[in-house]
Structure formats: structure tokens, C-alpha cells
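K.L.:
Before I ask anything, let me first share the structure, which is written out below as C-alpha cells.
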Amino acid sequence: MYWFCQVDIYQGFWTTPCKPDVPIQTSLTTRDWITYGGISYPAYASNARGGVIARGSYKGVRVQAFQYTVPALELLYSYEWQVSSNLHDQERYCEELNIELMRIDAWLSYVGRTDKIANGPADLLKGAPALVQLLQTDFEVDFINIDLSAKEGGHQDIQGLADNVMDFLTDEELDEAEQLYILVASLRAVKVCQCVLAGSNTREVEEILMKDVQAHLV
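If you're matching positions, the sequence shown starts at 15 in the working numbering and goes up one per residue.
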């Protein structure tokens, strides 16, 4: 999770052959960014220097934790699509998912430049990856055991786990803005993991590279 929350996002499939796909209409300007070689990473990534805000239009919202307007965190499609336990087809949705990650990076980079985050007591521009990893480590078993969606009767368990996560962030002495930032960083890491998991299995390629003498010679 330490690396998944900060790995670069760029055009192409996750461990699959590249082929064109149709992006969401609302992110066409961000699609131009990715099509012409633009990459993105969040403000807290290693050597990020403030992160990357991909070219595009962003809706501004007022969040009580921040003094000024910040970009809205816009995710794909619907709540049901977001919380589905099924992995989304990489061949069909690859570019859309990459664009979604780029826009999350833009949020993390923009908000990462606000005084609350850039100069906050937790120094999240340096410590965010470690906190995301710590959060995952502490709650890994709880996350695994959540096997029902809210619609399937798991709402109470999910709400209880969410409360425990917020208690954890409070115990880490993060203020409201910093808590929100870590939650979005964790969301980013999970979405990268989902993309990797949904990608083509490269086990056969690994076996070829390990056993093929010609591959070693090359």
C-alpha cells in the first residue's frame, strides 16, 4: 500500500496489451493529458514537488475543514458502481479508471498545496504513504471480513468499521483536513490495487523469464 498510494499513473493497461478505449465524456480534457504522454502522481509521492494537477475542468466545493474552495472529488458513474464487489473489466474500463486516478491525484495535489496540508502538524507530504500503510496493516483483517455490501445487509458492519478508522486517525492526532486527506490517499491506493488485480495474470510471463535461457541472454 505504501507504493500503491503514490505510483505514477499514465496511459496504458495494467499488465495488459495497450488498445484504445472510450473515456467518460466529462473528462475529455484530462484524456488529452493522458493521451499526449502526461502522467500524474499525488503531492506526497517520492520527489513529487507538489504533485501533478492534470489539465481539465474541476468543480469547486466548500469543505468545512479547509479555509478556501477545493476541487470536488468526482468518481466514476454511481455509488453502486463504486462499491460493487466485482472487479471492473480492464479491457473495457482501463482508460476511464486511469483518468479517475489522475483526477484523484489532481485533488491530492491541489489540496496538498493548501496550508492545512502543506504546513500541517502531521507533515503529510512526507508521512502520508507510511500512514496509509499503517492504516492498511491495522485494519487488514477487518477489511477482509467485510463480505456484504450495504444493500446486502452489511451497512452496520461497514459503519462500525468506518467509525473505527476515524478513531484511528484521531488517535494519530490528525485534524479534520488531514483525516480527509489520508482517506482520499487510501482510496487512491485501493483503486490502484483493484486495477492491478483486474489486469491480466503475468504468471506465465514470469515463468518464461525465469526458465527461458534465451530470455536471460537477451
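Just so you know, even glycine gets a beta-carbon here, dropped at the ideal spot from N, CA and C.
I need the straight-line Cα distance from residue 76 to residue 83, nearest angstrom please.
P.N.:
Looking at the two C-alpha atoms, the distance is approximately 5 Å.
K.L.:
Comparing C-alpha positions only, which one of 210, 170, 139 sits nearest to residue 125?
P.N.:
Residue 139 is the option with its Cα nearest to residue 125.
K.L.:
Helix or strand or just coil, what does DSSP make of residue 54?
P.N.:
If DSSP states are grouped into helix, strand and coil, residue 54 belongs with the strands.
K.L.:
For residue 104, count neighbouring C-beta atoms within 10 Å of its own C-beta (all shown protein chains included) and say buried if the count is 16 or more, exposed if not.
P.N.:
That one is buried.
K.L.:
Within a Cβ cutoff of 8 Å, which residues of the same chain sit near residue 196, ignoring the five residues on either side of it in sequence?
P.N.:
Cβ within range, chain order: 138, 142, 145, 146, 149, 183, 188.
K.L.:
May I ask you to report which of helix, strand or coil DSSP gives residue 143?
P.N.:
Correct three-state label for residue 143: helix.
K.L.:
On the DSSP bridge list, what partners appear for residue 74?
P.N.:
DSSP output for residue 74 lists 85 as bridge partner(s).
K.L.:
Quick check on residue 121: buried or exposed, where buried means 16 or more other Cβ atoms within 10 Å of its Cβ?
P.N.:
Buried, because 16 or more other Cβ atoms sit within 10 Å of the Cβ of residue 121.
K.L.:
By the three-class DSSP mapping on this structure, what secondary structure does residue 189 have?
P.N.:
It is coil, neither helix nor strand.
K.L.:
What residue range does the alpha helix (DSSP H) around residue 112 cover?
P.N.:
Run containing residue 112: 104-125, per the alpha helix (DSSP H) assignment.
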